[in-house]
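Student: This is the structure, below, for whatever I ask next.
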Amino acid sequence: QVQLVESGGGLVQPGGSLRLSCAASGTIFTIYRMAWYRQAPGKQRELVAEIIRGGSTDYSDSVQGRFIISRDNAKNTVYLQMNSLKPEDTAVYYCNARHPLNYALDYWGQGTQVTVSS
């Protein structure tokens with residue numbers, strides 16, 4: 836069983852920055868693929884960024900060049916640094932952990948609200 840706890844959301848003005856954190860417990864964190872998803876009102880949940888065991892990363896086109904995903908294996912924590920935020924980034928952001936071989940081992944955090952507004 837994996838427990839994920841997100842933090843760092845809030846209200847920020849357009850052009851501002853926020854850093855989200857996701858603390859994981861209950862498993863061998865280092866082997867899991869970690870990712871951030873988001874869901875805006877009335878829209879489907881979408882993948883924002885992911886980072887695999889070896890450190891390779893991938894981003895959605897909408898956040899490429901503005902967001903950075905990273906992981907600290909010593910702290911069992913994954914981060915999402917969000918820069919140059921836009922109103923369309925407003926959403927609930929969810930942390931996800933997935934085993935690289937057994938996709939049934941797929942876990943979600945409770946979500947953290949990010950609101951970009953002046």
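Count along the sequence shown from 1, then add 835; that gives the number in this note's numbering.
Each residue gets a CB set at the ideal place from its N, CA and C atoms; glycine is no exception.
Remember, it's a predicted structure, so these values are computed and weren't measured experimentally.
For the beta strand (DSSP E) that contains G947, what are its first and last residues?
Tutor: Residue mapping note: residue 947 aligns to position 112 of the sequence shown, counting from 1. According to the sequence as given, residue 947 is Thr; it is not Gly. T947 -> beta strand (DSSP E) spans 947-951.
Student: Determine whether the beta carbon atoms of S856 and Y914 lie at a separation below 8 angstroms.
Tutor: Residue numbering aside, residue 856 sits at position 21 when the sequence shown is read from its first letter. Residue numbering aside, residue 914 sits at position 79 when the sequence shown is read from its first letter. Yes; because the gap between Cβ atoms is below 8 angstroms, this pair is in contact.
Student: Using the C-alpha atoms, what's the distance from S953 back to N937?
Tutor: To locate residue 937, count along the sequence shown from 1; it is residue 102. To locate residue 953, count along the sequence shown from 1; it is residue 118. Taking the straight line joining both Cα atoms gives about 43 angstroms.
Student: Exposed or buried, what is D924 when buried is set at 16 or more other beta-carbons lying within 10 Å of its beta-carbon?
Tutor: Along the sequence shown, read from residue 1 onward, the residue named residue 924 stands at position 89. When all chains shown are included, D924 counts as buried.
Student: Considering just the uninterrupted stretch of the beta strand (DSSP E) at V898, what are its terminal residues?
Tutor: Mapped onto the sequence shown, residue 898 falls at position 63. Looking at the DSSP string, V898 is not in any beta strand (DSSP E), and its letter there is neither H nor E.
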